[in-house]
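**Student:** Let me begin by handing over the structure; questions about it come next.
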Amino acid sequence: MRASLLSLSIMLLALLAGPQPVHAQTADEAAVAQAVEALRKAAIAKDRAQFEALMSENLSYGHSAGRIENKQQFIEAATKSKTIYKDMTLVDHNNTVVGNSAIVRHILTIEGENQGKAYTTKVGVLMVWQKEQGSWRLLARQAYRM
């Protein structure tokens, strides 16, 4: 009897909650997600050409330590860094497209090696992407320590 009441209660709660809307990803949201993934891969590979293609000329790139770089400063530092990135994982990824802009948030975990020492770091990231001539380009990025 008790099991039947519990089952009935669960079924009633499920019915009362009703169907939950599923958010279908728009073409722009999918394109932004692809650009974020391309940026992640470019960072691991230190791919100058990919950075050039993905970043706006007006880029403002903020690091969790407070350093701010423009496009050329970021690309120069990222491609010449002696840090070896073994993995970059994005979780709690969320992007919202508003017109020709997109707001992207995620938690970034980096596993790497610097001067022979392994390390792991975890930061929150907020990015603003802008559609420029049909392509999504990173306009601003700010990381924060967690």
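Those letters in the sequence shown? Residues 26 to 171, per this note's numbering, in order.
Beta carbons: idealized from backbone N, C-alpha and C, even for Gly.
(1) Going along the chain, which residues of its own chain have a beta-carbon closer than 8 Å to the beta-carbon of L133, five neighbours each way excluded?
(2) Whole angstroms is fine: what's the gap from T51's alpha carbon to A74's?
(3) Within a Cβ cutoff of 6 Å, which residues of the same chain sit near T145, ignoring the five residues on either side of it in sequence?
(4) Under 7 Å between the Cβ atoms of L86 and R166?
(5) Can the beta-carbon of K71 be found closer than 7 Å to that of T104?
(6) In three-state terms, what does DSSP make of R92?
(7) Within its chain, find whatever has a CB closer than 8 Å to the CB of A171; leave out the 5 residues flanking it on each side and keep chain order.
(8) Consult DSSP for D172 and reduce its assignment to one of helix, strand or coil.
(9) Using C-beta distances below 7 Å, list every residue in its chain close to L163, excluding the 5 sequence neighbours before and after it, in chain order.
**Tutor:** Considering the structure as presented:
(1) Around L133: M113, T114, L115, K147, V148, G149, V150 and A168.
(2) Taking C-alpha positions only, T51 is separated from A74 by approximately 27 Å.
(3) The beta carbon of T145 is closer than 6 Å to those of E136 in its chain, skipping five residues each way along the sequence.
(4) Looking at the sequence shown, residue 86 is not Leu but Tyr. Going by C-beta atoms, Y86 is nearer than 7 Å to R166.
(5) Between K71 and T104, the C-beta gap is smaller than 7 Å, which places the two residues in contact.
(6) Coil at R92, not helix or strand.
(7) The residue you asked about is not Ala; residue 171 is Met in the sequence shown. Listed in chain order, the non-local C-beta contacts of M171 below 8 Å within the same chain comprise I132, K147, V148 and G149, local neighbours out to five positions each way being set aside.
(8) Beyond the ends of the chain as shown, which are 26 and 171, falls residue 172; an answer cannot be given.
(9) Taking L163 as the centre and dropping the five residues before and after it, the same chain places the C-beta of L64, L79, M80, S81, L84, M152 and W154 closer than 7 Å to its C-beta, in chain order.
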